[in-house]
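Structure, as structure tokens:
Numbering (my numbering), first residue to last: 6 to 178.
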């Protein structure tokens, strides 16, 4: 009788252990479903504008833009370290991108695009670091971030293109 009781106890204990293991496996699978991969990022469809040669000299000297550009390029490779790093580096870059805009491109349309970029950087960081965010939410905010950075570049290119145009105004009579 004693042997039967010990045998039943061992069976019950081994059954409990299996349930704990299966619930842990379920949690791991749920966490993996929100991970963004390089393949997911490559499927994002948006128009990407490159830097015009006329704007290159100005943008090379703008450190905050270059830092943001490197972070965006890293995101395309599924490297999220810029958004996981300490807050001081992230917020310093955000402040610098607004306050250190070079004088020759410091116009209202560019300021507006930079403000949108700043907002999208903050939004992506919050969604990315929030545990309850879904993969679709993360990919949507990532697409918005890519678009906003591309639009800053487009606006800067437009500024240099407009300045390069030599429009002759008619003389007043």
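Glycine is no exception: its CB is placed at the ideal position from the N, C-alpha and C atoms.
**Message:** Rounded to the nearest angstrom, what separates residue 74 and residue 105 at their Cα positions?
**Reply:** Near 15 Å, if we compare the C-alpha coordinates of residue 105 and residue 74.
**Message:** Ignoring anything shorter than 4 residues, give me the alpha helix (DSSP H) runs that lie fully in the segment 113-148, in order along the chain.
**Reply:** Counting whole runs of 4 or more residues, the segment 113-148 contains the alpha helix (DSSP H) stretches 113-134.
**Request:** Starting from the C-beta of residue 101, find all residues in its chain whose C-beta is less than 6 Å away, skip the five residues before and the five after it, and write them out in chain order.
**Result:** Same-chain partners within the cutoff: 69.
**Prompt:** Which stretch, first to last residue, makes up the alpha helix (DSSP H) that contains residue 58?
**Reply:** In the DSSP assignment, residue 58 falls within the alpha helix (DSSP H) that extends over 58-65.
**Prompt:** Can you give the beta carbon distance from residue 138 to residue 53, rounded, assuming they're within the 8 Å contact cut?
**Reply:** That pair is no contact at about 24 Å.
**Asked** Is DSSP giving residue 53 helix, strand or coil here?
**Response** Residue 53: coil per DSSP, three-state reduction.
**Prompt:** Mind checking whether residue 165 and residue 130 have CB atoms under 8 Å apart?
**Reply:** No, they are not a contact pair.
**Message:** With the cut-off set at 8 Å, would you say residue 133 and residue 85 are in Cβ contact?
**Reply:** A contact, by the Cβ cut-off of 8 Å.
**Prompt:** Under a three-way DSSP split, which group does residue 160 fall into?
**Reply:** In the structure shown, residue 160 sits in a helix (DSSP, three-state: H, G or I).
**Request:** With DSSP collapsed to three states, give me the class of residue 83.
**Result:** Coil.
**Message:** Can you find the residues in the same chain that come closer than 6 Å, C-beta to C-beta, to residue 107, ignoring five residues on each side of it along the sequence?
**Reply:** If we look at residue 107 and ignore the five residues flanking it on each side, its Cβ neighbours are 63 and 67.
**Request:** Can you tell me which of 162, 145, 159 and 157 puts its alpha carbon nearest to the alpha carbon of residue 46?
**Result:** Across the set 162, 145, 159 and 157, the C-alpha of 145 shows the shortest separation from the C-alpha of residue 46.
**Message:** Am I right that residue 162 and residue 78 are in contact with their C-beta atoms under 8 Å? What's the rounded C-beta distance?
**Reply:** Between residue 78 and residue 162 the Cβ distance is about 18 Å, and since that is not below 8 Å, they are no contact.
**Prompt:** residue 168: which of 149, 112, 126 and 125 sits nearest, CA to CA?
**Reply:** Comparing Cα positions, the closest option is 112.
**Prompt:** Between residue 153 and residue 127, which are expected to be in contact by the criterion C-beta below 8 Å, what is the C-beta distance as a whole number of angstroms?
**Reply:** Actually they do not touch by this definition, with Cβ atoms about 11 Å apart.
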